[in-house]
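Protein chains in written order, with our numbering: chain D, 6 to 374; chain L, 6 to 374; chain S, 6 to 374; chain C, 6 to 374.
From the three backbone atoms N, C-alpha and C, an ideal C-beta is built for every residue, glycine too.
Written out below as C-alpha cells is the structure these notes cover.
There are 4 protein chains.
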Amino acid sequence: MADVVIGGHEVRRRSFVDVAETQCGAGVLPRAVVTGTRERLTAWARNVRPGFATTPSSDGGTEAIRTNTLRSPRDVVRVLADDIRDFATRHDLERVVVVNLASTEPPLGQAGAFALEHSFSAALDGDGHRLPDSCLYALAAVETRCAYINFTPSCGISPSVLQARAVQAGLPYAGSDGKTGETLVKSVLAPMFARRALRVLSWTGHNILGNDDGRVLQNPDCKRSKVQSKSHVLGRILGYEPESIVNIDYVASLGEWKTAWDHVHFAGFLGAPMTLQFTWQGLDSILAAPLVIDLVRWADLAMRRGESGCLRHLASYFKSPLDVGEADFFRQWAMLERYATACASSDVTSQGTYNGRRDRAETPARIPK
Amino acid sequence: MADVVIGGHEVRRRSFVDVAETQCGAGVLPRAVVTGTRERLTAWARNVRPGFATTPSSDGGTEAIRTNTLRSPRDVVRVLADDIRDFATRHDLERVVVVNLASTEPPLGQAGAFALEHSFSAALDGDGHRLPDSCLYALAAVETRCAYINFTPSCGISPSVLQARAVQAGLPYAGSDGKTGETLVKSVLAPMFARRALRVLSWTGHNILGNDDGRVLQNPDCKRSKVQSKSHVLGRILGYEPESIVNIDYVASLGEWKTAWDHVHFAGFLGAPMTLQFTWQGLDSILAAPLVIDLVRWADLAMRRGESGCLRHLASYFKSPLDVGEADFFRQWAMLERYATACASSDVTSQGTYNGRRDRAETPARIPK
Amino acid sequence: MADVVIGGHEVRRRSFVDVAETQCGAGVLPRAVVTGTRERLTAWARNVRPGFATTPSSDGGTEAIRTNTLRSPRDVVRVLADDIRDFATRHDLERVVVVNLASTEPPLGQAGAFALEHSFSAALDGDGHRLPDSCLYALAAVETRCAYINFTPSCGISPSVLQARAVQAGLPYAGSDGKTGETLVKSVLAPMFARRALRVLSWTGHNILGNDDGRVLQNPDCKRSKVQSKSHVLGRILGYEPESIVNIDYVASLGEWKTAWDHVHFAGFLGAPMTLQFTWQGLDSILAAPLVIDLVRWADLAMRRGESGCLRHLASYFKSPLDVGEADFFRQWAMLERYATACASSDVTSQGTYNGRRDRAETPARIPK
Amino acid sequence: MADVVIGGHEVRRRSFVDVAETQCGAGVLPRAVVTGTRERLTAWARNVRPGFATTPSSDGGTEAIRTNTLRSPRDVVRVLADDIRDFATRHDLERVVVVNLASTEPPLGQAGAFALEHSFSAALDGDGHRLPDSCLYALAAVETRCAYINFTPSCGISPSVLQARAVQAGLPYAGSDGKTGETLVKSVLAPMFARRALRVLSWTGHNILGNDDGRVLQNPDCKRSKVQSKSHVLGRILGYEPESIVNIDYVASLGEWKTAWDHVHFAGFLGAPMTLQFTWQGLDSILAAPLVIDLVRWADLAMRRGESGCLRHLASYFKSPLDVGEADFFRQWAMLERYATACASSDVTSQGTYNGRRDRAETPARIPK
C-alpha cells in the first residue's frame, strides 16, 4: 500500500484531517491513528478537487458545486476527466481506480431508467432526462481508463450503455452498494433458514444511524434507493418473497453507531412459528473502510491481469452485486475463493507486473452534502 | 415414509400419545396432528420396551430400569440386542436405524475415556470403569447390524473401539449432538466474522429452557457435557480461541421454548469494538424432529448404498460431528451437497434396492428420566 | 360481573363467537374459554347492531354501513341513541357504559379541530366540516345518559363542546387510547431516567403487529393518530424533548403478537453515552381486555357515586389521558390509589346503591373494517 | 463541593490518576476531565493510606496489606481509626463520611452471621469466627464519629451490634449495595407487572462485565453475595416468588461495559404467556459515581441536621436497603421526596451550619485487588 496516492472530488468543505478529527472525537478512531496519519492526509488533501452535486440535500434544497458555469452534463464529465488525468500525471501513476463513496442518490424510476438506456447521448447533451451525477463520474472514469467501483446504491455504472463502454475500453468495474452491516448479517442468516427448511414468514429490519449518510437518508427519495438495495436479498436467497419491511431512520445522537434490529418470524416443522431477533451495533465507516481498501486492491489486480468487465467474483462485497443473482454470502464468498485460487496458480500474479515508479492510485470521489 | 415402523426403548412412563398430548396442550403441536396420528402412535407404542438408565436423575438419585436382575453390562447389551432383533423380526424389516435421543449423560472425564479405549472388554464384564449407558445401546445396535445415530452429546459410538466394530460389520453411523438452535446460529455467524476479518473478542451465550432436556441439565455433570459440545465450535471456525462463555439454565415456565441470548463483542478495522446480539426463541423438539427424520433417511440410504463407517457428510446436522474438524455450517453443507450430487449420478440410488415388504425402521431409543 | 349485559355496534361481519374462534385458533384464547362462553357470547351477539363508519378502510376505499339512507350526522346520532335506549330497556338496565373500541381514525388536523369546537352544530347538520364518527358515538352516549370511555386515539369525547355536554348531564367519561404495551413500558422507564439524571438523547420505538388494528394502521392517516398519541409521553415525563421516533408497521404473520423494539440512547455522568434496549412481545387484545373491564367498572362506580366529568384518576390506563398532564405511570397510579382510598372510606361505596335488577351494561362499539 | 477533601484506604497499587488514565483510555472518561482534574487527584492521592484486605483475591490466594504485624482485628480497627483521625486533623475537617467502595466479600453464612451478632467482642480480639474486613472499616468509622455508607453487598454496618453503636454515637449510616444497572431497571419494571396484574412466571437475568468488580466476582463466594443482593427484589415487589435466575459472568473484553440481558416471562389475562426482554449496556463506574456523590451529600446533610441511625429515605440508592422492606423504586423515591420536602421546610437547612473552614470530607475506602 505504500505507493498508493489518494485523491478525489468532494462537495463538503471538510478536509481529510477534519473528518479524521471528528471521528476521533466521536471515539471511532484512536488518537494515535489521527496524529500518525496527519501528514499524509494533508498531502493527499491537496489532490482533492471540488465535486459536482445536484442531489437534493437533506434540507430540501439542492447543492451545485461548479455546475453553474457549465453548459451540459458532457461538460461536467470533461472537467472531471481532466481532474483525474491531471492527478495521474502529477503523481506519475500507472493505474487509477475510481470509487464512488458519495451519499445515496434518489432512485431513477422506470422512466428515468428507460431514458438512460435509450437516450444516453441526448441526455449527456442536456436534452431530456437528467443524468444522475454518479453516472457522470462513472463516465469520466471510463474515459480516463480507470477501473470503477460503486460502493453506493446510486446509479453509477449500472446503465448497460456505460458498462458496454467500460468493456470496450478493456476496463474492470464492480458494484453496487457496500455490504457492511445489517444486510451482511441478512445474507448470512437467510441461507440458514433455507438450508434447514425453516420458512421465513416475515423479516422486519429497522436501522437507525446518525452520520452524514443517515442525514441524506432523511430525504425520502434517497431512502428509497437504499431500502430497495436492502430488500431484494431475501427473495433471491429463499426462493420466495416473505413479508419484508426495511426501515432506515436518522437518529442524530447515534453518530456513526449504526444500529439495526431485525425480527425474523419463521415457521418450523408442522408450521410452528418461532422467532430470531438480532441487534447489530456497528461503526459504519469502520466497517466500510477495509472493504473499500480490499476492493481497490482487487480492482488493481484485475487491471494488472488485464481483466475487463464486471468483476463478478466481488459479489460478496455488495448488497446489489452487478450481474450476479446469487445473494447468499457464503456462495458469493466461494466465487471469490475460486478466483483467488485461479490467480494464485496463474503466471501473471506470481511474476507480477510491478515495474513503474508508482503502481496505482485510487480516487475516492465523495459527493455528499 | 409410509413403510417405516417406529419402536424403541424408554425409561419414562409416558407413551407416545401422552407426549403428543402434552406438546399439543403447550401449543407446540396442532390438535389436528395429534388426532390424526393417534392411531399410528398407539400402534408404535406397542414396539417400545423399557430401557436401561443409570444416569443420575435431576433430583440427585439414579434410576435403574430392569438392571437389578442383570449381572453385567454385557448382559444389558444382550437384552437390548434381543429387543431390536425381535422388533425387526416381528415387523419383517429389511433395515433398522438406531437413534440415541436420550437425555444428556455426564462427560466421561480423562480417566473414563482412557479406560473406555483400553479396557473395553473388562468394563463390559463389569470389571473396573463403568461404561456409559449410551455405549451399551450403541454396541447393541452394532451387534444387531443396525445403522446408528447419536443425536446427543453423550458418549454413544464415540469410542474408537466401537467405531472399529461398526466398520468391521460394514455399518454406517453418525453423530454427535443435533445442531438445532443457538449452536446452529453460531456456526452460521462465526464464519461471517472470519471472512470479514472482524476479530471476535468474546462470545457469550445464555440458554434457558424448560423441557425434560432442561431438567436433566440442572445436573451439573450433564450440563458440562452439553456446554463442552457447544463450546469448541468457535475456535475451529475462527482459528483462535476468543473469550467464550456458554450457560444453560432450566427455567420451567418456558417449557419447550428454548430461548438463547448471544452477545458477540468484536473488533473491526483499527481495533474499533462493536457488538452483535441475537435472541433465538425456538421450540426445541420442533427443531429436532425433522433433523432426526432426515438423519434416519440418510442412514438408510447409506445402508442401501452399502456405505459403512462414519457418515462424515452429515456433519452439518451435529454440534460435534464425529471425525470432522470443519465447524463452518456452510462448508459442512457443501459436503452434503457434494455427497447428494454423487448419489444422484450413481446407479445404486437411481435403480434403488426397494424390494422387500418393508424397507427399514428406526428405533429411537429414549432413556431420559 | 354476573349481572352485566354486553351489546354494541359493529361494522364487521364477524360475531363474538367468530372472533373468539379466530383468537383460539391463533393460540391466544384457550379452547376451554371459547367453549365455556359460547352460549353467553351468542346471547350477547343478539344485542349487537350494525354500526356507522366513514373511516377509510385499509384498501383505500371507505366503508359506510347504514349511512346512505340518512340525511345528516344528527340523524346518525339519533339512530345510535335509539339503539342504546332500546338495549337498556330490553334488558332493564340501571346504568350503561359506552366504550369506544373501534379502529383508529385519522387525526383531525388544525382546521378540523377548530371547526369541531366552533361550528359543532352546523357540522352536526352536515354543514361544513365532517364530524369524526367517534364523536357521533360519543354524542349518542351523552344523549342517552351513558358513561363514556374512549379506549382509542380517535377524537371521541375530546372536543370541549362534547365534554361540556357530559358535565351538564352529570355524566362521567374518560380517555384516550388504552396504554397496553410499548407506551406502558415507556411511561414506566422514562421516570427512571428522569430520577437518576440520565439524559435521554434519543428514544426510538419500532412496533410491528398483524391484527385488525395493525391493518388499519397501514393507512398513513390513521397511523399518524396513533404515533401522535405515543409520542408526547417522553417530553412530559422528562421535561425536555429528546430525539424521538415511533414507527408502527403492519406485519401480517404476527397476528395478535404485537412486538416492539425500543432503543434508548442516554448520557450519564460526564456525558458518557449508554444504551437500554427492550423487546416487548405481547398479545394486544389480551392486554387490552382486562383494562376495558376495569375501566367499565370504574365508570360504573363513578355513576353510582354520582361523579361527573373527566375521571382524571384513570390516567394510568391511557396513552393520552384527558385533562391530565402527568405522564409518569407511577404518579398516575398514585392518583388512582388516592381515589380508591377515598372511596373506601366514604359511605356511598360501603353501602352501595345496588337495588335494580341489573346494574349496568357496557356497549363496546366496534367500527373497524 | 469546593471544600470537600478526598482520602481513603487502598489495597491496589494504582493511584487516582492511574485509574483516571485507564478509564480515559477505555473511552469512559473524556480526556479533558483527566487533564482538568490531574492536579487535584494528585493532591488527594496523598491522603490515601494502604488498606487491609483478607478477602480471597481472584486468583485464589489472599492478600494481606499491613496485617502481619498486627495482633488482632481490634488492632486493625485502631490503625484505621488513627488514619481517619489524622486525615481529619490535617485538613481541619468538620465532618467525615466513610464510604465502602471495596470489592464484594464472600457472604457470611448462617454460622458467621450468628457469631457476628453474639460474639462480636471475642471475634474482635481474634477469638473464634473471623470478622469480615468491611466490618472493621465500619467500626473504625463509628469510633471516629464518621457517617458511614456501604455501597457494596459486603457486610459493613449490617450487624445489629454495629448499628447500635452508631445510633449510640449519634451517627447516620446507609446501605447496602448501590443500585446502578440491571437491578435498578428490575425495581422499576417489576412494579409495572404488579400494578397491571401481569403474573411474572420467570425472570432470568444475565450480567456480563469486565472490570475489577467483575474479576473479583469470578470468585464463586464473592459472586454469591452479589447474586443474593440482586435476587430478593422481585419477591418483595410482586408479593410472590417467581422463578428467578441471576447470573454474573466476567468477560474481560467488555471492560467497564456492564451488559445485562433480562428475559421476563409473564402471564396476562386468561393465562396467556408473553415476554419482555431488555438489554442494558452501561458503564458501571459512570453510573455509580454520581450516586456516591449524592449519598455523601445526603449523609453530610444528615450530620448537619443532627440525624442519627439508618437513613431509610436513601433506600432508592441501594439494592438491599438496610431496614427498608420496600423494593419498588418509585415508592422508595417517594420516601426521598418526602424527606427532602420536610428538610426544605425546616430551619436547620435554611440557616445552614456552615461555619468551619472546611465542612466535610468523605473517605472512600477501597480494598479490592
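Discussion item. For chain C, check one thing: does any of its Cβ atoms lie closer than 8 Å to the Cβ of Val-38(S)?
Written reply: So yes, Val-38(S) belongs to the interface.
Practice prompt. Could you pull out every unbroken alpha helix (DSSP H) segment of at least 4 residues lying fully inside the region 220–265 of chain C, listed in chain order?
Written response: 225–236 and 238–243
Item to complete: Please report how far the alpha carbon of Gln-282(S) lies from the alpha carbon of Glu-261(D), in whole angstroms.
Response: For Gln-282(S) and Glu-261(D), the gap between their C-alpha atoms comes out near 18 Å.
Discussion item. With a threshold of 7 Å on Cβ separation, who are the neighbours of Pro-177(L) within its own chain once the five nearest residues in sequence on each side are excluded?
Written reply: Answer for Pro-177(L): Ala-152, Ala-304, Ala-307, Met-308, Glu-312, Ser-313, Gly-314 and Leu-316, listed in chain order.
Discussion item. Please tell me whether Gln-168(D) has its Cβ less than 8 Å away from any Cβ of chain L.
Written reply: no
Worksheet item: CB-CB under 6 Å to Lys-263(S), same chain, minus the five flanking residues each way: which ones, in chain order?
Response: Gly-186, Leu-214, Gly-287 and Asp-289
Worksheet item: What does a CB cutoff of less than 8 Å around Leu-319(L) pick up in its chain, not counting 5 residues either side in sequence?
Response: Ala-179, Leu-300, Trp-303, Pro-326 and Leu-341
Worksheet item: Is Val-39(D) helix, strand or coil by DSSP?
Response: helix
Worksheet item: Does the beta carbon of Ser-236(S) come closer than 8 Å to any beta carbon on chain D?
Response: Not one chain D Cβ lies under 8 Å of Ser-236(S).
Item to complete: Please name the residues in the region 268–290 of chain L whose beta-carbon is closer than 8 Å to at least one beta-carbon of chain D, in chain order.
Response: Gly-273, Phe-274, Leu-275, Gly-276, Ala-277, Met-279, Thr-280, Leu-281, Gln-282, Phe-283, Thr-284, Trp-285, Gln-286, Gly-287 and Leu-288
Discussion item. Counting only C-beta atoms, is Phe-335(D) closer than 8 Å to chain L at any point?
Written reply: yes
Discussion item. Strictly by DSSP, which residues pair up with Asn-155(D)?
Written reply: Asn-105(D) and Gly-180(D)
Discussion item. Please return the same chain residues whose Cβ sits closer than 7 Å to the Cβ of Phe-21(S), not counting the five positions on each side in sequence.
Written reply: Closer than 7 Å at the Cβ level, and outside the excluded window around Phe-21(S), lie Leu-46, Trp-49 and Ala-50.
Item to complete: Answer yes or no: does any C-beta atom of chain L fall closer than 8 Å to that of Glu-248(C)?
Response: yes
Worksheet item: beta strand (DSSP E) containing Gly-210(C): first to last residue?
Response: 204–214
Worksheet item: Do you know how far the Cα of Val-190(L) is from the Cα of Ala-257(L)?
Response: 24 Å
Item to complete: Tell me where the beta strand (DSSP E) around Ala-78(L) begins and ends.
Response: According to the sequence shown, residue 78(L) is Pro rather than Ala. Run containing Pro-78(L): none in the beta strand (DSSP E); it sits in the alpha helix (DSSP H), 78–95.
Discussion item. Quick check: the Cα distance between Leu-167(C) and Thr-94(C), rounded to an integer number of angstroms?
Written reply: Put simply, the backbone Cα of Leu-167(C) is about 25 Å away from that of Thr-94(C).
Worksheet item: Per DSSP, what kind of secondary structure is Cys-315(C) in: helix, strand or coil?
Response: Residue state, collapsed to three classes: strand.
Practice prompt. Please report the residue range of the alpha helix (DSSP H) in which Pro-196(S) lies.
Written response: 187–200
Worksheet item: Which residues of chain S have a Cβ atom closer than 7 Å to the Cβ of Val-193(C), listed in chain order?
Response: Val-193, Leu-194 and Met-197
Worksheet item: I think Gly-117(L) touches His-134(L), with their Cβ atoms under 8 Å apart; what is that distance to the nearest whole Å?
Response: 6 Å
Practice prompt. Would you mind giving the Cβ-Cβ distance between Leu-121(C) and Leu-113(C), rounded to the nearest angstrom? I have them listed as a contact below 8 Å.
Written response: 7 Å
Worksheet item: Taking the Cβ atom as the reference point for each residue, do Val-104(L) and Ile-89(L) lie within a distance shorter than 8 Å?
Response: no
Fill in: Expected contact under 8 Å - CB spacing of Asp-254(C) and Ile-250(L) to nearest Å
5 Å
Practice prompt. Go ahead and pull the three-state DSSP assignment for His-123(S).
Written response: Here His-123(S) sits in helix by DSSP.
Discussion item. My output table needs one value for Leu-327(C): the three-state DSSP class, helix, strand or coil.
Written reply: coil
Worksheet item: What is the DSSP secondary structure of Asp-267(D), counted as helix, strand or coil?
Response: Shown here, Asp-267(D) sits in a strand according to DSSP, grouped into three states.
Worksheet item: Does the beta carbon of Leu-316(D) come closer than 8 Å to any beta carbon on chain S?
Response: No, because no Cβ of chain S sits closer than 8 Å to the Cβ of Leu-316(D).
Fill in: Cα-Cα separation between Phe-334(C) and Ser-159(D), rounded to whole angstroms
51 Å
Worksheet item: Secondary structure at Ala-25(L), three-state DSSP: helix, strand or coil?
Response: helix
Worksheet item: Excluding five sequence neighbours on each side, which residues of the same chain lie with their C-beta closer than 8 Å to the C-beta of Leu-141(D)?
Response: Phe-57, Pro-78, Val-81, Val-82 and Leu-85
Discussion item. Which residue wins for smallest C-alpha separation from Ala-25(C), given the options Arg-336(C), Ala-37(C), Val-10(C) and Glu-148(C)?
Written reply: Ala-37(C)
Worksheet entry | Distance between Thr-188(S) and Pro-137(S) (C-alpha atoms, nearest Å) | 25 Å
Discussion item. Checking the sheet assignment: what are the DSSP bridge partners for Gln-282(D)?
Written reply: Gln-282(D) is bridged to His-268(D) and Thr-284(L).
Item to complete: Please look up how many angstroms separate the CB atoms of Val-205(S) and Ala-171(S), rounded, as I've assumed it's under 8 Å.
Response: No, Val-205(S) and Ala-171(S) are not in contact; Cβ-Cβ is about 37 Å, not under 8 Å.
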